[in-house]
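There are 2 protein chains.
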Amino acid sequence: MSDHLEEQTVDSELVYQGLFLKVRKDRARLPDGSLHGREWVMHPGAAAMLPIADDGRVLMVRQWRYAMHRAYLEIPAGKIDPGETSLQTAKRELLEETGHAAREWAPLLQIHPAIGFSNEVIDIFVARGLERRADAAPDHGELIDVEWATVGELVDALRAGRLPDVKTHIAVMHLQRLVDGDWPWPAFAPA
Amino acid sequence: MSDHLEEQTVDSELVYQGLFLKVRKDRARLPDGSLHGREWVMHPGAAAMLPIADDGRVLMVRQWRYAMHRAYLEIPAGKIDPGETSLQTAKRELLEETGHAAREWAPLLQIHPAIGFSNEVIDIFVARGLERRADAAPDHGELIDVEWATVGELVDALRAGRLPDVKTHIAVMHLQRLVDGDWPWPAFAPA
Chain W
7 MSDHLEEQTV DSELVYQGLF LKVRKDRARL PDGSLHGREW VMHPGAAAML
57 PIADDGRVLM VRQWRYAMHR AYLEIPAGKI DPGETSLQTA KRELLEETGH
107 AAREWAPLLQ IHPAIGFSNE VIDIFVARGL ERRADAAPDH GELIDVEWAT
157 VGELVDALRA GRLPDVKTHI AVMHLQRLVD GDWPWPAFAP A
Chain X
7 MSDHLEEQTV DSELVYQGLF LKVRKDRARL PDGSLHGREW VMHPGAAAML
57 PIADDGRVLM VRQWRYAMHR AYLEIPAGKI DPGETSLQTA KRELLEETGH
107 AAREWAPLLQ IHPAIGFSNE VIDIFVARGL ERRADAAPDH GELIDVEWAT
157 VGELVDALRA GRLPDVKTHI AVMHLQRLVD GDWPWPAFAP A
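Chains as they are written, first to last, in the working numbering: chain W, 7 to 197; chain X, 7 to 197.
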């Protein structure tokens, strides 16, 4: 259905390798045979989760996002380390960012945040049965506040324009459909 | 509420300038006084829109996204040119990508797709009263298919995991709330 749109890679060069950002510059052959430059940011992928307590409240984090020069209320998330599955990343990030573990996990959806210039994908999970395990121990150079919010508070914040972070926005819209019974919950498995 | 998280820019350097990607590497001072490197992709911002015909169908585009090595069904969108407002960008992109103009426009919401490594923001609009003006004339080096879809078809595609592009995913979830009467439509103004 989209074969006639396909662009083939002719060659690829790593043109920037920084502290954590990697940029590649490729030449691509378009269906009409013409060659065009294509630059893109290599991303290892990420995992995020909706951590839901037994009383229905959601465990959120607030942190500074340097590129945007502001703080965001977000669902916990983090980049996938080499060798990890996205579920392992989600469990690790929940513990590192909030000090909590969850008794059961379910995949919710995968999103592609920056298809115009990056290969980033984010796997979003739902985590239920939260247990406090440790004081939150953020990574070096990362300050994180932990906050609890009800689904109603999150939907109000979303409608007021206060959840522009896409993974959080999408997770909250799905969560509202789940708790309202409009859409079925995904299948959970023990941690 | 988030002052204790704020990171101050100490200095900033343009470390990569490519065909269209620009990467900056800054030093930031954290609230505890420590210095950390912060890399980010400079983005001019973008505009996207839900173009809705009088019969309720939505005008979509399908295009190849090189960084993801696949094609996506998306709402029309494009980067803001220097001196443009995001509404002007939206009108220009609707015409360039689909050959249509709209009689009235309303702002829907703004999203921040890549807060971990870019300052990109996307303003999403709703456009009603579509009129065909010209054959779609895609930019050089961009092949675009134009497709019509009902809201029901789009929600089905979303729930089946076939709309992972975040701007499209978010726009369709909002559109369903609007057409179901759950949330009020934004205020439209003539084009």
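Heads up, the beta-carbon is just placed ideally off N, CA and C, and yes, glycines get one too.
Here the structure is a predicted model, which is why all the values come from computation and not from measurement.
Which residues share a DSSP beta bridge with residue i?
i, result
"residue 112 of chain W", "W:132"
"residue 196 of chain X", "X:110"
"residue 69 of chain X", "X:78, X:150"
"residue 20 of chain W", "W:30"
"residue 86 of chain X", "Looking at the DSSP assignment, residue 86 of chain X forms no beta bridge with any residue, so it has no partner."
"residue 96 of chain X", "None; residue 96 of chain X has no bridge partner."
"residue 177 of chain W", "In the DSSP output, where bridge partners are listed per residue, residue 177 of chain W has none listed."
"residue 64 of chain W", "W:58, W:155"
"residue 35 of chain X", "X:14, X:41"
Ordered along the chain, which non-local residues of its own chain (more than five positions away) have a Cβ less than 6 Å from that of residue i?
i, result
"residue 163 of chain X", "169"
"residue 38 of chain W", "none"
"residue 70 of chain X", "77"
"residue 6 of chain X", "Here chain X comprises residues numbered 7 to 197, so residue 6 of chain X is not present and cannot be evaluated."
"residue 1 of chain W", "A query on residue 1 of chain W cannot be resolved here, the shown segment of chain W reaching from 7 to 197 and no further."
"residue 79 of chain X", "66, 68"
"residue 171 of chain X", "78, 80"
Where does residue i sit, in a helix, a strand or coil, going by DSSP?
i, result
"residue 54 of chain X", "strand"
"residue 44 of chain X", "strand"
"residue 15 of chain W", "strand"
"residue 162 of chain X", "helix"
"residue 171 of chain W", "strand"
"residue 124 of chain W", "strand"
"residue 59 of chain X", "coil"
"residue 9 of chain W", "helix"
"residue 49 of chain W", "coil"
"residue 139 of chain W", "coil"
Thinking just about the alpha-carbon of each residue, which of the options is nearest to the one in residue i?
i, options, result
"residue 62 of chain X", "X:189, X:197, X:173, X:134", "X:134"
"residue 94 of chain X", "X:129, X:80, X:75", "X:129"
"residue 42 of chain X", "W:36, W:45, W:72", "W:72"
"residue 104 of chain X", "X:81, X:152, X:40", "X:152"
"residue 57 of chain X", "X:100, X:29, X:78, X:27", "X:100"
"residue 116 of chain W", "W:31, W:86, W:131", "W:131"
"residue 85 of chain W", "W:69, W:126, W:77, W:46", "W:126"
"residue 28 of chain W", "W:97, W:70, W:18, W:37", "W:18"
"residue 213 of chain X", "W:22, W:74, W:11", "With chain X represented from 7 up to 197, any question about residue 213 of chain X goes unanswered, as that position is not in the structure."
"residue 87 of chain X", "X:98, X:121, X:107", "X:98"
"residue 113 of chain W", "W:30, W:194, W:14, W:189", "W:194"
"residue 108 of chain W", "W:137, W:171, W:118", "W:137"
"residue 22 of chain W", "X:14, X:15, X:31", "X:31"
"residue 192 of chain W", "X:166, X:106, X:90", "X:166"
"residue 46 of chain X", "X:33, X:40, X:161", "X:33"
"residue 140 of chain W", "W:106, W:119, W:188", "W:106"
"residue 92 of chain W", "W:14, W:79, W:51, W:75", "W:51"
"residue 158 of chain W", "W:179, W:171, W:149, W:150", "W:179"
"residue 24 of chain X", "W:161, W:123, W:110", "W:123"
"residue 118 of chain W", "X:96, X:197, X:75", "X:75"
"residue 197 of chain X", "X:111, X:59, X:120", "X:111"
"residue 48 of chain X", "X:20, X:59, X:183", "X:20"
For residue i, I'd like the list of residues in its chain whose CB is within less than 7 Å of its CB, leaving aside the five on either flank, ordered along the chain.
i, result
"residue 155 of chain W", "63, 64, 66"
"residue 81 of chain W", "54, 55, 56, 66, 173, 174, 177"
"residue 36 of chain X", "13, 42"
"residue 161 of chain W", "178, 182"
Once the 5 residues before and after residue i are set aside, which same chain residues still bring their CB inside 8 Å of it?
i, result
"residue 16 of chain W", "32, 33, 34, 35, 41"
In the stretch 44-69 of chain W, which residues sit with their C-beta less than 7 Å from some C-beta in chain X, listed in chain order? 44, 45, 46, 47, 68, 69
Give, in chain order, every residue of the stretch 114-126 of chain X whose Cβ lies closer than 9 Å to some Cβ of chain W. 115, 116, 117, 118, 119, 120, 121, 122, 123, 124, 125, 126
Interface positions of the stretch 66-97 of chain X facing chain W (Cβ-Cβ less than 7 Å), listed along the chain: 68, 69, 70, 71, 72, 73, 74, 77, 78
Cβ-based contacts, 7 Å cut-off: residues of the stretch 8-23 of chain X near chain W: 8, 11, 12, 13, 21, 22
Which residues, in order along the stretch 170-191 of chain X, keep a beta-carbon less than 9 Å from a beta-carbon of chain W? 170, 171, 172, 173, 175, 176, 179, 180, 183, 189
What residues in the stretch 99-110 of chain X bring their beta carbon closer than 9 Å to a beta carbon of chain W? none
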